[in-house]
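Notes follow the structure.
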Amino acid sequence: MLPYKTINEAETALNGTLTYAETLWFNYSANKSDFILYCHNIIFLYVVFTLIPLPLVVVELLGAAKIARYKIQPKVRLSFAEIMSCYKAVIKLFFLVVGPLQLVSYPAYKFIGIRTGLQLPSKWEILMQLTVYLVVEDYTNYWLHRLLHSKWGYENIHKVHHEYTAPIGFAAPYSHWSEILILGFPAFLGPAMVPGHITTFLLWMVLRHIEAIETHSGYDFPWTPTKYIPFYGGAEYHDYHHYVGGQSHSNFASVFTYCDYIYGTDKGYRYQKKVAKVLRTPYEYIFHSTPWCNLSLESIIHVATPTQALSKRD
Ligand SMILES: [Zn+2]
Ligand SMILES: [Zn+2]
Numbered sequence: 001m002l003p004y005k006t007i008n009e010a011e012t013a014l015n016g017t018l019t020y021a022e023t024l025w026f027n028y029s030a031n032k033s034d035f036i037l038y039c040h041n042i043i044f045l046y047v048v049f050t051l052i053p054l055p056l057v058v059v060e061l062l063g064a065a066k067i068a069r070y071k072i073q074p075k076v077r078l079s080f081a082e083i084m085s086c087y088k089a090v091i092k093l094f095f096l097v098v099g100p101l102q103l104v105s106y107p108a109y110k111f112i113g114i115r116t117g118l119q120l121p122s123k124w125e126i127l128m129q130l131t132v133y134l135v136v137e138d139y140t141n142y143w144l145h146r147l148l149h150s151k152w153g154y155e156n157i158h159k160v161h162h163e164y165t166a167p168i169g170f171a172a173p174y175s176h177w178s179e180i181l182i183l184g185f186p187a188f189l190g191p192a193m194v195p196g197h198i199t200t201f202l203l204w205m206v207l208r209h210i211e212a213i214e215t216h217s218g219y220d221f222p223w224t225p226t227k228y229i230p231f232y233g234g235a236e237y238h239d240y241h242h243y244v245g246g247q248s249h250s251n252f253a254s255v256f257t258y259c260d261y262i263y264g265t266d267k268g269y270r271y272q273k274k275v276a277k278v279l280r281t282p283y284e285y286i287f288h289s290t291p292w293c294n295l296s297l298e299s300i301i302h303v304a305t306p307t308q309a310l311s312k313r314d
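Residue numbers for the sequence shown follow the UniProt record's numbering, beginning at 1 and rising by one.
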């Protein structure tokens, strides 16, 4: 709640004219408590995870040929009932775990000092803070995700998220309830280290939801703007992690590729990509056709053409 009753009062106190965005923020937030503003996070959670995956889900159900060619694992197509079952499970998870978690996190959010008043942050402040949040979450998430792939972590927690070997947008938050708690921590770590304005915080939360939906979308579009972000993994990168499944020791990072590169956990993925490029075929078929990982690239090229290997698989 803002400590000013009118815009004039705010301008006098701040010794300047409010920008257009600040006037909008004043009109919207002046009479709302900090708790209500914080709870927008929960509303955005439901709205984003309901609406953003929807277009590709409709495309998948309609089987639109122009879009279908960008599907990463084209042989896997979920029915309407299967998609709805995933969506219902996610909404249930939000209602029972994520929503309550957000509510009990409110004191922590107040403690770290996220502000709600005027002035609003500059574009540079927002950009710099979002960059820090992204890097901090990606790095922390990488190690927690690796931990979840330990024998105990996978069997007791993470295997739920891997039920979808060819993920869809709705499956991004589909996981064991404790995984929500574990992987929720990195999302708050950045804002705790560099607290900003609540508008930046809400924007951060929405962006990371959208990023998770994109990487689980199951589609790899060449025109995706994220392709221009350096070291960005994207849908195909994380799809491979789901595709390999429980034995996966590859592509743990959620956003960027550099952690996997530095710590050597993308070797399998890069090898499959290399072979796929030589044989001009999707990695999906390569992985299933023969234990390629035990062979050198040269021997693969000499012993198999795509046609021969295809007949092996069939
Ligand atoms: Zn995993
Ligand atoms: Zn995933």
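Just so you know, even glycine gets a beta-carbon here, dropped at the ideal spot from N, CA and C.
(message) Which of the three DSSP states is assigned to Arg115 in this structure?
(response) Residue state, collapsed to three classes: strand.
(message) Considering Cα atoms alone, identify which of Leu54, Leu120, Leu62, Phe170 is closest to Tyr20.
(response) Checked all of Leu54, Leu120, Leu62, Phe170; the closest Cα to Tyr20 is Leu120.
(message) Going by the DSSP bridge assignment, what does Tyr232 pair with across the sheet?
(response) According to DSSP, which records beta bridges pairwise, Tyr232 is partnered with Phe256.
(request) May I ask you to report which of helix, strand or coil DSSP gives Lys123? (result) Helix at Lys123.
(request) Return the first residue and the last residue of the alpha helix (DSSP H) that Pro3 is part of. (result) Note, Pro3: premise wrong, no alpha helix (DSSP H); not H, not E.
(message) I'd like to know whether the C-beta atoms of Leu56 and Ser217 end up nearer to each other than 7 Å.
(response) The answer is yes: Cβ separation under 7 Å.
(message) Can you tell me where the alpha helix (DSSP H) holding His209 begins and where it ends?
(response) Element bounds for His209: 198 to 215.
(message) Less than 7 Å between the C-beta atoms of His242 and Pro167, yes or no?
(response) Going by C-beta atoms, His242 is nearer than 7 Å to Pro167.
(message) Using DSSP's beta-bridge definition, name the partner residues of Tyr219.
(response) Beta-bridge pairing links Tyr219 to Lys71.
(request) Assign Ala172 to one of two classes, buried (16 or more other C-beta atoms within 10 Å of its C-beta) or exposed (fewer than that). (result) Label assigned to Ala172: buried.
(message) Within 8 Å, do at least three Cβ pairs link the region 65 to 74 to the region 126 to 136?
(response) Short answer: they don't touch.
(request) Would you kindly check if the distance between the Cβ of Val48 and the Cβ of Val206 is under 7 Å? (result) One thing to note: Val206 has its Cβ within 7 Å of the Cβ of Val48.
(request) Could you tell me how far apart the beta carbons of Arg115 and Ile7 are, in whole angstroms, since I believe they sit closer than 8 Å? (result) Under the criterion of beta carbons closer than 8 Å, Arg115 and Ile7 do not qualify as touching, at roughly 19 Å.
(message) If the criterion is Cβ atoms closer than 7 Å, does the pair His176 and Val160 meet it?
(response) Their beta carbons are under 7 Å apart, which means His176 touches Val160 by this criterion.
(request) Reducing DSSP to helix, strand and coil, say where Thr224 ends up. (result) The answer is coil: DSSP assigns Thr224 none of H, G, I, E or B.
(message) Can you look up residue 315 in the DSSP assignment and give me helix, strand or coil?
(response) Absent from the structure is residue 315, since the part of the chain shown begins at 1 and ends at 314.
(request) Quick one: residues in its chain with C-beta nearer than 8 Å to the C-beta of Tyr232, no 5 flanking neighbours on either side, listed in chain order? (result) Result list for Tyr232: Thr226, Val255, Phe256, Thr257, in chain order.
(message) Quick check: Pro53 and Phe170, are their CB atoms within less than 7 Å of each other?
(response) Yes, the pair counts as a contact, with Cβ atoms nearer than the cut-off.
(request) Thinking Leu118 and Ala253 are a contact (beta carbons under 8 Å), I'd like their distance in whole angstroms, please. (result) Between Ala253 and Leu118 the Cβ distance is about 37 Å, and since that is not below 8 Å, they are no contact.
(request) Report the rounded CA-to-CA distance for Asn156 versus His149, giving the unit in angstroms. (result) The C-alpha of His149 is placed about 10 Å away from the C-alpha of Asn156.
(request) Quick one: grab the DSSP three-state call for Gly268. (result) If DSSP states are grouped into helix, strand and coil, Gly268 belongs with the helices.
(request) With a 10 Å radius around its C-beta and 16 neighbouring C-beta atoms as the bar for buried, classify Val58 as buried or exposed. (result) Under this definition Val58 is an exposed residue.
(request) Kindly indicate which residue of Ala89, Lys75, Pro74 has the alpha-carbon position closest to the one of Ala81. (result) Minimum Cα distance to Ala81 is reached at Ala89.
(request) Please state whether DSSP places Gly245 in a helix, a strand or coil. (result) It is helical.
(request) State yes or no: is the C-beta of Ile180 within less than 7 Å of the C-beta of Val97? (result) In contact: Ile180 and Val97 (Cβ atoms closer than 7 Å).
(request) Could you tell me whether the Cβ atoms of Gly245 and His145 are closer together than 7 Å? (result) Against a cut-off of 7 Å, the Cβ pair of His145 and Gly245 comes out as no contact.
(request) With distances taken Cα to Cα, identify the nearest neighbour of Ala192 among Leu93, Phe44, Glu137. (result) The residue with the shortest Cα to Cα distance from Ala192 is Glu137.
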